[in-house]
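**Q** If you're matching positions, the sequence shown starts at 3 in this note's numbering and goes up one per residue. Quick reminder that beta carbons are idealized off the backbone N, C-alpha and C, glycines included. Below you'll find the structure I mean.
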Amino acid sequence: MTRPELQEEETLQAQHPFTESWAMFRKNTAAVAALALLILITFGAIFGPMLYPVDPFEMVWAPFSPPGEEGFLLGTDYLGRDLLSMIINGAKVSLMIGVSAALMTVIIGVTVGALAGFYLGIVEEILMRITEFFQVLPTLLFSMVLVALFGASLPMITFAIGIVSWTAVARITRSEFLRIRELEYVMASRASGASNMKLMFRVILPNALPPIIVQSALMVGSAILFEAGLSFLGLTDPNVVSWGQIIGSNRQYILDAGYTVTIPGVAIFVTVLAISLVGDGLNDALNPKLRQR
C-alpha cells in the first residue's frame with residue numbers, strides 16, 4: 003500500500019463511525035446516484051400532488067389516449083383517468099406500504115432474533131421452529147388468504163406483507179447476537195451487573211445493526227414488489243391509488259394499451275433498483291470487512 007493510501011486509511015480510522023461510513027458510501031457512485039433518485043421520488047410523492055393537482059380518480063379525457071395526446075403527458079387509462087396523476091399519487095401509497103411493511107418486518111424479526119440469539123436453549127428452539135414455519139409457508143398464498151379474509155385495506159395489506167417477510171431479519175439478528183454475545187465487552191457488561199434487557203438492546207443490538215439496516219433497506223423494495231403482486235391479482239383497495247393498483251386495474255388491456263401497465267411497471271422497477279443499489283452501498287459502508295477492499 004502506498005503512502006497516500008496509508009494516510010487515507012489512517013484518516014478514516016480516526017473519524018467518527020458515521021463519518022467513516024458516509025465516506026465509504028460516497029465512493030460507490032451507483033449508490034449515490036440511486037440515493038439521489040430515491041430522494042427525488044420521495045420529493046415527488048410528497049409534493050407532487052400539490053404541484054400537479056389533478057384528481058387521480060377523475061375521468062378527464064377519452065379512455066386509452068396515448069402519452070402526449072391532448073396535453074396528457076402519460077396518457078389516460080381504461081376509464082380516461084390521467085395516468086400521470088395516478089403515478090404521482092400512487093408513489094406515496096407504494097412507498098408508504100414499503101416502508102411500513104419493512105418497519106413491521108424489522109420489529110418482529112429483531113425481537114425474535116434477539117431473544118433466540120441471547121437466551122439460547124428452549125427459547126431459541128421454540129422461536130427458531132416458529133421462524134422455520136413461517137419461512138416454508140408460500141408467502142404470496144398466505145398473504146392472499148389474509149387479505150381475502152380480513153379485507154384489502156392498506157393496513158391489512160401492510161400487515162399481510164410484514165407477517166410473511168420477517169424471517170430473514172430474524173435469522174440475521176440471531177446470528178449477530180450469537181457472534182457478539184461472547185465478546186469481551188459484553189462479558190464485562192454482564193459482570194458489572196447489567197440486566198438482560200440492557201445487554202440485548204443497549205450493548206449487543208447497536209453493534210448488530212449494520213447487517214440489519216442493509217436487510218431493512220432491501221425489504222422496502224421487496225414490500226413494494228409484494229404489493230404490486232397482490233394488486234395484480236386484484237387484492238387491493240380500489241379506493242386507493244398505488245403503482246400496483248394501476249397495473250392490476252389495467253392488466254386486461256395490456257395488449258391494447260400496453261403503456262398503462264408499462265409506465266407504472268417502470269416506476270416500480272426504477273424505485274426497487276434504486277433501493278437495491280442503496281442497500282448495496284450501505285453494505286459496503288457498514289461492513290468493516292468490505293472496507294478493506
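Quick check on the DSSP output: the alpha helix (DSSP H) that includes Phe-203 runs from which residue to which?
**A** Where Phe-203 is concerned, there is no enclosing alpha helix (DSSP H), given that its DSSP letter is neither H nor E.
**Q** What residue range does the alpha helix (DSSP H) around Lys-94 cover?
**A** Note, Lys-94: alpha helix (DSSP H), 85 to 121.
**Q** Would you call the CB atoms of Ala-225 and Ala-103 closer than 8 Å?
**A** Contact flag set, yes.
**Q** I'd like to know if the region 115 to 123 and the region 167 to 177 are in contact, where contact means that at least 3 CB-CB pairs between them fall below 8 Å.
**A** They touch, by the three-pair rule.
**Q** So for Thr-238, helix, strand or coil by DSSP?
**A** Looking at Thr-238 - three-state DSSP - the assignment turns out to be coil, as it is neither helix nor strand.
**Q** Can you tell me whether Ser-251 is buried or exposed, with buried defined as 16 or more other CB within 10 angstroms of its CB?
**A** The residue is buried, with at least 16 neighbouring Cβ atoms inside 10 Å.
**Q** Please list the terminal residues of the continuous alpha helix (DSSP H) segment that includes Thr-273.
**A** Segment 261 to 288, the alpha helix (DSSP H) holding Thr-273.
**Q** Provide the residue span of the alpha helix (DSSP H) that contains Gly-246, from first to last.
**A** Its alpha helix (DSSP H) spans residues 245 to 252.
**Q** Using 8 Å as the threshold, is the C-beta distance between Val-243 and Pro-58 below it?
**A** A contact, by the Cβ cut-off of 8 Å.
**Q** Mark Thr-78 as exposed unless 16 or more other C-beta atoms lie within 10 angstroms of its C-beta, in which case mark it buried.
**A** It is buried - the Cβ of Thr-78 has at least 16 other Cβ atoms within 10 Å.
**Q** What distance in whole Å lies between the Cβ atoms of Leu-288 and Val-216, which are believed to be in contact at a cut-off of 8 Å?
**A** Confirmed, about 7 Å.
**Q** Over what stretch of residues does the alpha helix (DSSP H) that includes Ile-43 continue unbroken?
**A** 31 to 53 is the extent of the alpha helix (DSSP H) around Ile-43.
**Q** If you follow the alpha helix (DSSP H) that Ala-64 is part of, which residue opens it and which one closes it?
**A** Segment: none, Ala-64 is in no alpha helix (DSSP H) and carries neither H nor E.
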